[in-house]
Amino acid sequence: MTLVLLPVLAGLASALRLEEPIVIQRPLEKVEWGDVLLEYDATQPPPGNVTVTVDLRVFHHSRLSSETLKIYMELSEEWQDGRLIFQHNPATVTLPRGVEIWRPETWIRDGMEDRTERETLRIHPRDGTVTHRSIRTVEIPRRGGEKENCPLVFSSFTDVSSRVDYAMRRVDAPHLNSTVTPSGVVFSLGLL
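Residue numbering for the sequence shown follows my numbering, starting at 8 and increasing by one per position.
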């Protein structure tokens with residue numbers, strides 16, 4: 008019996024002999040955020056000035072009083088952060104809850120109330136573009152005059168607000184007349 012098992016054991020031993028190192032491959036879709044953000048400081052903005060490109064879509068609006076307009080909207084912001092460039096497939100990844108990156112902390116300067124109800128952050132790792140989408144409810148004052156205007160002026164709540172510029176790219180506001188300004192949008196309410 009020993010003679011029969013000896014060739015089997017010898018064959019098994021040679022099959023188990025490793026000529027090449029073992030390589031453990033991680034799925035390309037999985038991001039190890041601890042590795043990507045190893046030296047990343049979420050309290051500091053990217054170097055230089057940051058331009059935040061804004062798209063705004065108004066779902067619904069209503070007069071709360073003769074002095075206040077309530078707007079339910081989607082705010083989409085994009086900015087570049089070169090510290091978030093890394094090799095990854097697919098082209099975008101959603102940042103999971105609990106993982107912090109720098110954000111401009113956008114707020115409505117003249118807003119009486121500004122609530123974020125839902126939000127998501129996506130990173131385009133090939134160029135470091137960050138897309139932040141949020142559903143917000145904003146109450147803004149109505150300014151009288153010949154035409155009633157309600158300004159939405161975007162500003163950054165961070166310590167470096169002087170280094171953050173806002174650029175309106177698109178405004179989709181059915182039933183509202185809107186005028187794009189350098190740092191926001193003004194809604195004219197003459198027909199409300």
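Heads up, the beta-carbon is just placed ideally off N, CA and C, and yes, glycines get one too. The structure presented is a predicted model; accordingly, all values stated were derived computationally and were not measured.
- Message: By the DSSP assignment, the alpha helix (DSSP H) with residue 42 in it spans what residues?
- Response: 40-43
- Task: Counting only the same chain and skipping the five closest in sequence on each side, list residues whose C-beta sits under 6 Å from that of residue 33.
- Result: Any answer about residue 33 is weak, because its pLDDT of 48 lies below 50 and its placement is not dependable; what the coordinates show is given next. Cβ neighbours of residue 33 beyond the five flanking positions: none.
- Task: For the beta strand (DSSP E) containing residue 148, list its first residue and its last residue.
- Result: 136-148
- Query: By how many angstroms is the C-alpha of residue 58 removed from the C-alpha of residue 98?
  - Reply: 22 Å
- Item | residue 121 beta carbon less than 7 Å from that of residue 130 | no
- From residue 280 to residue 88, what distance separates their C-alpha atoms? The chain is shown from 8 up to 199; residue 280 falls before or after that span and cannot be answered.
- Own chain, CB closer than 7 Å to residue 163, minus 5 neighbours either side, in chain order: 111, 112, 113 and 171
- Task: Using the DSSP secondary-structure output, state which residues sit across from residue 76 in a beta bridge.
- Result: 70 and 147
- Rounded C-beta distance between residue 140 and residue 83? I'm assuming under 8 Å. 5 Å
- Query: If you run the structure through DSSP and keep just helix, strand and coil, what is residue 163?
  - Reply: strand
- Message: One question on the structure: do residue 54 and residue 117 come within less than 7 Å of each other, judged by their Cβ atoms?
- Response: no
- Item | Where the beta strand (DSSP E) through residue 175 begins and ends | 171-179
- Beta-bridge partners of residue 130, as assigned by DSSP: 100 and 137
- Cα-Cα, which of 186, 49, 190 and 174 is closest to residue 105? 49
- For residue 73, which of 148, 188 and 127 has the nearest alpha-carbon? 148
- Task: Please state if the CB of residue 62 and the CB of residue 143 are separated by a distance shorter than 7 Å.
- Result: no
- Would you mind reading off the limits of the beta strand (DSSP E) that contains residue 187? 184-188
- Query: Count the other CB atoms within 10 Å of the CB of residue 161; is the residue buried (16 or more) or exposed (fewer)?
  - Reply: buried
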